[in-house]
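J.: At position 130 of the sequence shown the residue is numbered 130 (UniProt numbering), and the sequence of numbers has no breaks. Right, I'll just put the structure down here and ask away after.
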Amino acid sequence: MAPNIRIRHIIPILLYAFVQFFPVLINEVRPEWITPTSTGLWFAIGFSLTIVISFFLLWPDLKLYKQQGIQSNLNDTVKWIGLGILMQYGLVIVANLIETAITGEMVASENTERIADIVRLVPVMTLSVVLLGPIIEEILFRHILFGNLSARFGFWIAFGVSSVLFALIHDDNRFLVYVAMSFAFTVAYAKTRRLIVPIAIHAFNNALVMVALLLM
């Protein structure tokens with residue numbers, strides 16, 4: 001990663017923030033415009049465009065990783081997807097146990113429940129939750145934030161900052177769980193330097209959660 005963060009790394013962050021928070025702003029001035037359908041379409045279209053623009057802007061980084069030979073081969077890529085999935089669920093179990101010990105009860109995820117309610121009303125949101133969300137979040141939190149911070153401060157500070165922001169952006173009551181998930185995504189990305197790895201782990205988790213919720 002370049003020693004100084006570049007404007008092409010800032011643009012995806014700004015686009016993501018705009019897509020994520022614009023409905024909140026509109027809700028303050030024109031709440032009648034904010035419906036489950038309009039929100040679902042906004043996120044589906046907004047995240048799709050953000051992903052396309054982000055990959056275009058970050059293509060030089062991906063080419064550089066390939067030229068430097070720091071990306072994993074196919075076997076290691078597949079291996080780390082599998083290891084990442086196992087690591088994530090192991091860490092989430094530990095995080096759940098810690099949170100339960102602290103609160104004295106098992107608490108359901110408010111963010112997951114909100115998303116499930118919207119998906120039931122607007123099925124197109126499934127695409128955003130299972131695929132578009134993981135892609136753009138891994139671009140931002142793993143490639144841009146972790147990548148730039150780790151080049152300056154090392155793994156642990158970069159992981160700490162990017163993971164706290166990752167947890168906060170989800171506005172959930174399961175902070176430690178999101179940090180645990182982020183650790184698995186971060187380790188898998190650091191080991192492979194291939195975005196497909198944390199994206200696949202993240203998407204698998206979201207898909208499994210959606211299937212479980214919709215079957216309930």
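Don't be surprised by glycine CBs; every beta carbon is placed ideally from N, CA and C. The structure presented is a predicted model; accordingly, all values stated were derived computationally and were not measured.
Evaluate residue 212 with the Cβ neighbour count: other Cβ atoms within 10 Å of its Cβ, from every protein chain shown; 16 or more gives buried, anything less gives exposed.
T.: Within the sequence shown, residue 212 is the residue found at index 212, counting from 1. Exposed.
J.: Hey, quick one: how far does the alpha helix (DSSP H) through residue 26 stretch, first residue to last?
T.: Stepping through the sequence shown from its first residue, residue 26 is reached at position 26. From DSSP, the alpha helix (DSSP H) with residue 26 extends over 7-29.
J.: Might you give, ordered along the chain, the residues of its own chain that have their beta carbon closer than 7 Å to the beta carbon of residue 172, omitting 5 neighbours on each side?
T.: Residue mapping note: residue 172 aligns to position 172 of the sequence shown, counting from 1. Contacts found: 109, 110, 111 and 178.
J.: Helix, strand or coil for residue 126? Go by DSSP, reduced to three states.
T.: Walking along the sequence shown from the start, residue 126 turns up at place 126. The answer is helix: DSSP assigns residue 126 an H, G or I state.
J.: Please classify residue 84 as buried or exposed, where buried requires at least 16 other C-beta atoms within 10 Å of its C-beta.
T.: In the sequence shown, residue 84 corresponds to position 84, counting from 1. Buried, because 16 or more other Cβ atoms sit within 10 Å of the Cβ of residue 84.
J.: Helix or strand or just coil, what does DSSP make of residue 170?
T.: What you label residue 170 is simply residue 170 of the sequence shown in a count that begins at 1. The answer is coil: DSSP assigns residue 170 none of H, G, I, E or B.
J.: If you scan the region 49-131 from start to end, which runs of the alpha helix (DSSP H) of 4 or more residues do you find wholly inside it?
T.: 74-103 and 110-121
J.: Measure the Cβ-Cβ separation of residue 77 and residue 174 and say whether it is below 7 Å.
T.: The residue you call residue 77 lines up with position 77 of the sequence shown. The residue you call residue 174 lines up with position 174 of the sequence shown. Contact: no.
J.: Just to check my reading of the structure: residue 199 and residue 138 have Cβ atoms closer than 8 Å, yes? What is that Cβ distance to the nearest angstrom?
T.: Taking the sequence shown and counting its residues from 1, the one referred to as residue 199 is at position 199. Taking the sequence shown and counting its residues from 1, the one referred to as residue 138 is at position 138. That belief holds up - the Cβ atoms of residue 199 and residue 138 are roughly 5 Å apart, short of 8 Å.
J.: May I ask you to report which of helix, strand or coil DSSP gives residue 37?
T.: As a first step, residue 37 is located in the sequence shown; it is residue number 37 there, counting from the start. In the structure shown, residue 37 sits in a helix (DSSP, three-state: H, G or I).
J.: For residue 106, which residues in the same chain have their Cβ closer than 6 Å to its Cβ, ignoring the five residues on either side in sequence?
T.: Along the sequence shown, read from residue 1 onward, the residue named residue 106 stands at position 106. The answer, listed in chain order, is 100.
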